[in-house]
Amino acid sequence: MKRQTMTLLASLVLAPTLAFAADSATADFTPAQQEAIGKIAADYMLQHPEILVQVSQKLQAQQADQQQQQTLSAVLANAKALVNDPATPSYGPKDAKVAFVEFFDYQCLYCSHMAPLVEQTVKANPNVRFVFKEWPIFGDRWKASITAAETGMAIWKEKGAQAYFDYHNSIYRSGHDEGKLTDADIAGAVKAAKATAPTDAQRKATHEAIASNDELARTLGFSGTPGFVVMPTSGATAENTTVLPGAVSAEDLQAAIVKAQGGK
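Numbering (mature numbering (1 follows the signal peptide of the UniProt record, and there is no 0)), first residue to last: -21 to -1, 1 to 243.
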């Protein structure tokens, strides 16, 4: 049974390579010779199964790199929607040369872990514009995701950047994620922002912007939150733009800003 399993794994891993080799060597080897070569390769894999792991790891790395390149291309193609959408909350100078964009959900565990690092990064970079893309992907599971997003967007429209930033950080400081966020937490964050709870009409007015964020995130290839994009507000290229899908370190965030500023 173990040999059969290893033979199957070897076949799955080697199939594309052997098929290419067979096509390339058709003029040089007979079908019988090609079959013999394939058997030799498969037998070698059975004797050295660690190679299967190495091949699998390399394939995964290549696929991840390919996805990263596709996302980067999509980011550059959608730069305006990322950094200049007037419906998206932002904090920092309007004429900033670098934009730091985050896609997030208030109920996302990893977003919650990243929130203090993002706040720290904001304070350390007063010349950068921070763009907050509300993306309540857990809304089907936890209604508070949508309520918190709608409330934040409404506060942004009514009270502006500082109030939104205060609200945003207050939600995360509650420490309530993964379904634990309550209406009381949201009301407390509204109070901390010195704002008023939005009406049903004000909540409804945020739906188009939130739907646009969802479409943009999926266009970029993000499959979850958080997702970060750091890029110049003009003249963005593959060399000065960074995409960080998932939770990262404060050092990674700062390095991306330095890169967008023209550093290394």
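Virtual Cβ for every residue (Gly too), placed ideally from N, Cα, C. Here the structure is a predicted model, which is why all the values come from computation and not from measurement.
- With fewer than 16 other Cβ atoms inside 10 Å of its own Cβ, residue 197 counts as exposed.
- As the crow flies, the alpha-carbon of residue 106 is around 33 angstroms from that of residue 118.
- In this model, residue 141 and residue 236 are separated by some 22 angstroms (Cα to Cα).
- The beta carbons of residue 168 and residue 149 sit about 4 angstroms from each other, so the pair counts as a contact at 8 angstroms.
- Secondary structure at residue 103: helix, using DSSP grouped into helix, strand and coil.
- Beta-bridge partners of residue 221 (DSSP): 209.
- Cβ contact annotation for residue 229 (same chain, cutoff 8 angstroms, sequence separation greater than five): 96, 99 and 100, in chain order.
- The beta-carbon distance between residue 109 and residue 70, rounded to whole angstroms, is 5 angstroms. This is short enough to meet the 8 angstroms contact definition.
- For residue 127, there is no enclosing beta strand (DSSP E); the residue is part of the alpha helix (DSSP H) that begins and ends at 122 to 138.
- By the Cβ neighbour-count rule, residue 157 is exposed, with fewer than 16 other Cβ atoms within 10 Å of its own.
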